Every structure is written in structure tokens, then in C-alpha cells.
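Novice: Numbering (the working numbering), first residue to last: 4 to 385.
Positions of the beta carbon are idealized from the N, C-alpha and C atoms, including for glycine.
Small disclaimer: the values here were computed from a predicted structure and weren't measured.
Once you've had a glance at the structure underneath, I'll fire off some questions.
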């Protein structure tokens, strides 16, 4: 019996030694110190990558050569030149079949669609965000690799709701323009990586900014007039979707529009109401920054009208900068809560549109304006 209790005691001691050894040993090992480093970042981590849809619709045509495209669609109705070096070929007549194809460096780089009956699957004009969400996830962060560099773009909540970006597995994208008033899709923009970076309509990573470049050796008289005609065409097409009458160019109103934008560019301090606004204009006027376009407040428009001797009781208008990409500008203006009402006055019939390089001014009126002899510089783009 005595040996039995000796065995039990020895067995218990062995068990204690075995189970206590890791605890004792661990106390001798220096504990690793972990530091949590908190860094500010407005972007999602790079591993939160966006996913890609299978290429479909007109995304298949991005990257084709100009010759390949023209064999498929040989007869554009007209063409426009742009400050970003894109030649826009225009097809179709109305909201059933209208689209524009952007050619740059002899390749299809952009396709802008307003027509309901075109091959834009899985998207469709007039669908809403709920419809889009059933097709794909709407991502807030995109990492674009171009020329050995990484460019990160972040979509705001408004961007995700009204200008979401979709990626395809052939390296192209679709920018979807939704109307902020009724939530419906009004335009689809297919584009390649370089065109997306040129537009840069979303917040970008300041550590690696992509700078869009205005094309060299431009004939600004041609660019300004093409911009004017393209603006009117797209604007009237979108107005027709809401059963609004088409705008008509009015020569006297056009003269006043051109005079007003010249006066602003010559002396912006006479129009801009605050030092902050003046400083912001000085920083923006020579840049192509589509993520934060520059506009004039109602008070500043009144000041401009006073300087240009425009009757604010019969005329209203809007100013926009940078006006380098007309499809993007018109989709943004027409879909915007801020500008939509300016473009939908039921009584408006006449319009004046003037461009001076990167800036645009529109004036609207329900009546014909009194003619005036005004010497302008618009034809030179100065």
C-alpha cells in the first residue's frame, strides 16, 4: 500500500513538471512587441481590387484600328475635332440610334452612346442604379496601370450613384452617366485606359497624378466651332428625351455670349466674388481637371452680365471649365442637379455657345436678342 501511494505521488509530480514546463519556458522568451501604425489614406487598399465583367457590347470595338472601324461603319454623318486629340465620328439621327466614336492615333479609343437600340448589353439606356446593381458590384476604388506607373482613382458616393465606372476583362471601361434628378441612365461612355486617365473624372491619388495634355498645333478656330456644334447637337438630343424643343442658335445672342466670355478671361477679378474663388481660378484655368470643374455662382453670373451688358431679366446662362471633352461635359451638365434646371427652361428657344480654349459659356433666351456689332476673338481661340 505504501508503494502504491509513493507511485501516485511520483506520477502527480511528473505530470506537474510536464505541464508547467511550457509556462516556465515561455516566461524566459522575450515577448515580441507589436506596434499598430495608423496611416491616413483616402483610398481602399490595393488588394481590394475591382472585378471585371466579360467584354460585351461596344466595349469589343475599343482598340480597333480606324480602318477596321470604317470598314464596319463606313459613313459617319459628320466629324468633330477635340482639344484632347480625339476625332469624333458621328452616327445616327436620334435617341434610337445615336452614338459617337472617338479616334485617336488611328485607333478607336472612345465610344459615346445615347441610342436606346444599340448593342450596349448588359447595360441599357434608362435603366437605374438598382438595375445596374443586379448586373455587377459598383466599386469605389480602381487601380489603373499605365506606362509602368500606378494611378489610383476613388469614386465618391455621388460618383457611385450617378457616374459609376465598370471594368471589362479586355482592359477597357464603361462610364455610366445617370441623371441625378430621376436616376435613369442617360449615356454610356466606353473608353480605354489612356482616355480614362485623360478625363480623370474621379478623385485621384495626389502621390501619382496623371496630367492630361492638350494636343499640339491645334487650329483653335476649328476646335471652338466643332465644340459649339457638338455641344448643341448633344444638348438637343438629351432635351428631346424630355420632350423639350430644340435650341436654335441666335446670332445676336451668340455675339453677346462671345463678348461675355472674352471679358471674363480678360478680367476675371471683376466677376469672381471672393479671393478664394479668384485663387482657385488661377490654379485651374490652365489645367484639365474634370474631377473638380469650375463654374460661376448666380452672383458671379450677374456680375458677368453687368460687365457684358446682358439683360439678366431675359437671359440666363452657365459657365464651365474645363470644356475639353464635349460628351463628358454635356453628360455631366445635363445629369447634374445643379445645372439641370438651367437646361430645361420650357420657354427657352434661343442659345449662344462660345468656347475659348478650355472654357465654355452658354446663354439662353426665350426671345431673339437685339443685334449688335461686336468684334470678337473667338475665331482665334485667344
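#1: If you follow the alpha helix (DSSP H) that residue 304 is in, where does it begin and where does it stop?
#2: Using a Cβ-Cβ distance cut-off of 8 Å, determine whether residue 278 contacts chain C.
#3: Whole angstroms are fine: how far does the CA of residue 336 sit from the CA of residue 342?
#4: Taking just the CA atoms, how far does residue 215 sit from residue 200?
#5: Evaluate contact between the region 143–157 and the region 226–241, counting only Cβ atoms and requiring at least three cross-stretch pairs below 8 Å.
#6: Taking C-alpha atoms, which residue in 195, 63, 61, 258 lies nearest to residue 108?
#7: Less than 7 Å between the CB of residue 119 and some heavy atom of the ligand COA, yes or no?
#8: Using 8 Å as the cut-off, can you tell me whether the region 249–257 makes contact with the region 94–114, which would need three or more C-beta pairs spanning the two stretches below that distance?
#9: Near residue 36, which residues of its chain fall below 6 Å by C-beta distance, leaving aside the five closest residues on each side in sequence?
#10: Which residues does DSSP list as the beta-bridge partners of residue 193?
#11: Using only CA atoms, which one of 267, 81, 161, 190 lies nearest to residue 364?
#12: Leaving aside the five residues before and after residue 371 along the sequence, list all residues of the same chain whose C-beta is less than 8 Å from its C-beta, in chain order.
#13: Report the start-end ranges of each alpha helix (DSSP H) in the region 242–321 that is 4 residues or longer and not cut off at the edges.
#14: Can you tell me whether DSSP reads residue 343 as helix, strand or coil?
#15: Helix, strand or coil: which one does DSSP assign to residue 329?
#16: Measure the Cβ-Cβ separation of residue 330 and residue 361 and say whether it is below 8 Å.
#17: Is the CB-CB distance between residue 65 and residue 175 below 8 Å?
#18: Does the separation of the CB atoms of residue 114 and residue 102 fall below 8 Å?
#19: Is residue 356 helix, strand or coil by DSSP?
#20: Take residue 240 and list the residues in its own chain whose beta-carbon comes closer than 8 Å to its own, dropping the five residues that flank it on each side.
#21: Give me, in chain order, the residues of the same chain whose beta-carbon lies closer than 6 Å to that of residue 249; leave out the 5 immediate sequence neighbours on both sides.
#22: Counting along the chain, where does the beta strand (DSSP E) carrying residue 169 start and finish?
#23: By the three-class DSSP mapping on this structure, what secondary structure does residue 323 have?
#24: With a 10 Å radius around its C-beta and 16 neighbouring C-beta atoms as the bar for buried, classify residue 332 as buried or exposed.
#25: What's the C-alpha gap between residue 121 and residue 191?
Specialist: For this structure:
#1: As a first step, residue 304 must be located in the chain shown, where it is residue number 301. For residue 304, the enclosing alpha helix (DSSP H) stretches over residues 301–311.
#2: The structure shown has no chain C; it contains just one protein chain.
#3: Your numbering for residue 342 matches position 339 in the chain shown. Your numbering for residue 336 matches position 333 in the chain shown. Cα to Cα, the separation comes out at about 6 Å.
#4: Here residue 200 corresponds to residue number 197 of the chain shown, with the count starting at 1. Here residue 215 corresponds to residue number 212 of the chain shown, with the count starting at 1. Cα to Cα, residue 200 sits roughly 7 Å from residue 215.
#5: no
#6: Along the chain shown, one-based indexing puts residue 108 at 105. Comparing Cα-Cα distances from residue 108 to each of 195, 63, 61, 258, the minimum goes to 195.
#7: For the ligand COA, the structure offers nothing, since it holds no ligand at all.
#8: no
#9: Counting from 1 along the chain shown, the entry for residue 36 is found at position 33. Reliability of the predicted coordinates at residue 36 is poor, the pLDDT of 32 falling under 50, and no value is obtained from them.
#10: The count along the chain shown starts at 1 and reaches residue 193 at position 190. Per DSSP, 114, 177.
#11: Taking the first residue of the chain shown as position 1, residue 364 is located at position 361. If we check each option's Cα against that of residue 364, 267 comes out closest.
#12: Counting from one through the chain shown, the residue named residue 371 turns up at place 368. Only 253, 255, 256, 353 meet the Cβ criterion.
#13: Taking 4 residues as the minimum length, the alpha helix (DSSP H) runs contained wholly in the region 242–321 are 254–269, 278–287, 301–311, in order along the chain.
#14: Within the chain shown, residue 343 is the residue found at index 340, counting from 1. In the structure shown, residue 343 sits in a helix (DSSP, three-state: H, G or I).
#15: Within the chain shown, the letter at position 326 stands for residue 329. Of the three classes helix, strand and coil, the one that applies to residue 329 here is helix, per DSSP.
#16: On the chain shown, position 327 is the one that residue 330 refers to. On the chain shown, position 358 is the one that residue 361 refers to. Not in contact: residue 330 and residue 361 (Cβ atoms no closer than 8 Å).
#17: Taking the first residue of the chain shown as position 1, residue 65 is located at position 62. Taking the first residue of the chain shown as position 1, residue 175 is located at position 172. Yes, Cβ-Cβ distance for residue 65 and residue 175 is below 8 Å.
#18: Here residue 114 corresponds to residue number 111 of the chain shown, with the count starting at 1. Here residue 102 corresponds to residue number 99 of the chain shown, with the count starting at 1. Going by C-beta atoms, residue 114 is nearer than 8 Å to residue 102.
#19: The residue you call residue 356 lines up with position 353 of the chain shown. Reduced to three states, the DSSP call for residue 356 is strand.
#20: What you label residue 240 is simply residue 237 of the chain shown in a count that begins at 1. Once the five neighbours on either side are set aside, the close Cβ partners of residue 240 are 97, 98, 101, 117.
#21: By one-based count along the chain shown, residue 249 stands at place 246. The answer, listed in chain order, is 239.
#22: Numbered from its first residue, the chain shown carries residue 169 at position 166. From DSSP, the beta strand (DSSP E) with residue 169 extends over 168–170.
#23: Walking along the chain shown from the start, residue 323 turns up at place 320. Strand at residue 323.
#24: Position 329 of the chain shown, counting from 1, holds the residue named residue 332. Residue 332 is buried by the Cβ-count criterion.
#25: In the chain shown, the residue the question calls residue 121 occupies position 118. In the chain shown, the residue the question calls residue 191 occupies position 188. Going from the Cα of residue 121 to the Cα of residue 191 covers about 11 Å.
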